[in-house]
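Novice: Counting in my numbering, the sequence shown tops out at residue 180, every number present.
We put the CB at the ideal spot given by N, CA and C, even for glycine.
All of these numbers come straight from a predicted model, not from anything done at the bench.
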Amino acid sequence: MKNIDQADYEALQKENLKLQKENHHLHKMVRELSTPIIPSIIPETILVPLVGALSRQRIVTLREKILFAIHDQQAENVIIDFTGITRLDISEIGYGEIGTLIEDLTSALKLVGAETLYVGFSTELAKELIQSNVNFSSFKTFASFRMGLQYLMDQAGLQFTKKML
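1) Quick check on the burial criterion: 16 or more other C-beta atoms within 10 angstroms. Buried or exposed for Asp169?
2) Is Ala129 near Val93, with beta carbons less than 9 Å apart?
3) When the Cα atoms are used, what is the spatial distance from Gln28 to Ile19?
4) Alpha carbon to alpha carbon, how far is Glu79 from Leu62? Give it in angstroms, no decimals.
5) With H, G and I counted as helix, E and B as strand and the rest as coil, what does DSSP make of Val75?
6) State the CB to CB distance for the pair Pro64 and Asp96, rounded to an integer number of angstroms; the pair is presumed to be in contact (CB under 8 Å).
7) What does a CB cutoff of less than 6 Å around Val66 pick up in its chain, not counting 5 residues either side in sequence?
8) Where Leu124 and Phe83 are concerned, what is the direct C-alpha to C-alpha distance, given to the nearest angstrom?
9) Under the assumption that Ile108 contacts Arg71 (Cβ atoms under 8 Å), give the Cβ distance between them as a whole number of angstroms.
10) Just tell me which of Asn150, Pro58, Asp104 and Leu180 has its CA closest to the CA of Ser122.
11) Between the beta-carbon of Phe175 and the beta-carbon of Ala158, is there less than 9 Å?
12) Given this structure, state the Cα-to-Cα distance separating Pro51 from Ala26, to the nearest angstrom.
13) Out of Thr131, Ile105 and Arg161, which has the shortest C-alpha to C-alpha gap to Ser147?
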């Protein structure tokens, strides 16, 4: 094996440090993009669409992002959309664990005064979550994002009207 001189060693260390920083930056960007928080047309409401594999760390990160968004945007309502989540996306963590994490997320959001609505659970996903023995009876759930928005509009006394051009 060839010996490397001190200058080559230092250059390799410098390159390694640069790559580690870039890797950290890219991981941070992926975390940000994997959990967008979107202001809704309904005042004081944010939408959190979920897509892709769910893990314990992702749910913890999601909780922190939503808590910050509630404070920053003065949101009172959070709609978490599971339409993009499939059975495969939960297979790594398991239904019992995801059920408990959803329960914890709901409790944390309730503590800061936010109402949480869950939308878009597929029939298969709902069945598996119920069999996980987590009590979902206190959760507000709707079949679709549209139905969740309609509920919030009704609660606020809002309605859409067609604008005459």
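Specialist: Checking against the coordinates, here is how it stands:
1) Here residue 169 corresponds to residue number 154 of the sequence shown, with the count starting at 1. Label assigned to Asp169: exposed.
2) Position 114 of the sequence shown holds residue 129. Position 78 of the sequence shown holds residue 93. The answer is yes: Cβ separation under 9 Å.
3) Mapped onto the sequence shown, residue 28 falls at position 13. Mapped onto the sequence shown, residue 19 falls at position 4. Roughly 12 Å between the two C-alpha positions.
4) In the sequence shown, residue 62 corresponds to position 47, counting from 1. In the sequence shown, residue 79 corresponds to position 64, counting from 1. About 15 Å.
5) On the sequence shown, residue 75 is found 60 positions in, with the first residue counted as 1. Helix.
6) Indexing the sequence shown from 1 puts residue 64 at position 49. Indexing the sequence shown from 1 puts residue 96 at position 81. At roughly 4 Å, the Cβ-Cβ gap stays under 8 Å, so Pro64 and Asp96 are in contact.
7) Position 51 of the sequence shown, counted from the start, is the residue given in the question as residue 66. Excluding positions up to five away in sequence, the list reads Gly99.
8) Position 109 of the sequence shown, counting from 1, holds the residue named residue 124. Position 68 of the sequence shown, counting from 1, holds the residue named residue 83. Roughly 11 Å separates the two Cα atoms.
9) The count along the sequence shown starts at 1 and reaches residue 108 at position 93. The count along the sequence shown starts at 1 and reaches residue 71 at position 56. Ile108 to Arg71, Cβ: 6 Å. Contact.
10) Residue mapping note: residue 122 aligns to position 107 of the sequence shown, counting from 1. Among Asn150, Pro58, Asp104 and Leu180, the Cα nearest to that of Ser122 belongs to Asn150.
11) For this step, residue 175 is matched to residue 160 along the sequence shown. For this step, residue 158 is matched to residue 143 along the sequence shown. Taking 9 Å as the Cβ cut-off, Phe175 and Ala158 do not qualify as a contacting pair.
12) The residue you call residue 51 lines up with position 36 of the sequence shown. The residue you call residue 26 lines up with position 11 of the sequence shown. So the two alpha carbons sit approximately 38 Å from each other.
13) Against the sequence shown, residue 147 aligns to sequence position 132. With distances taken between Cα atoms, Ser147 lies closest to Ile105.
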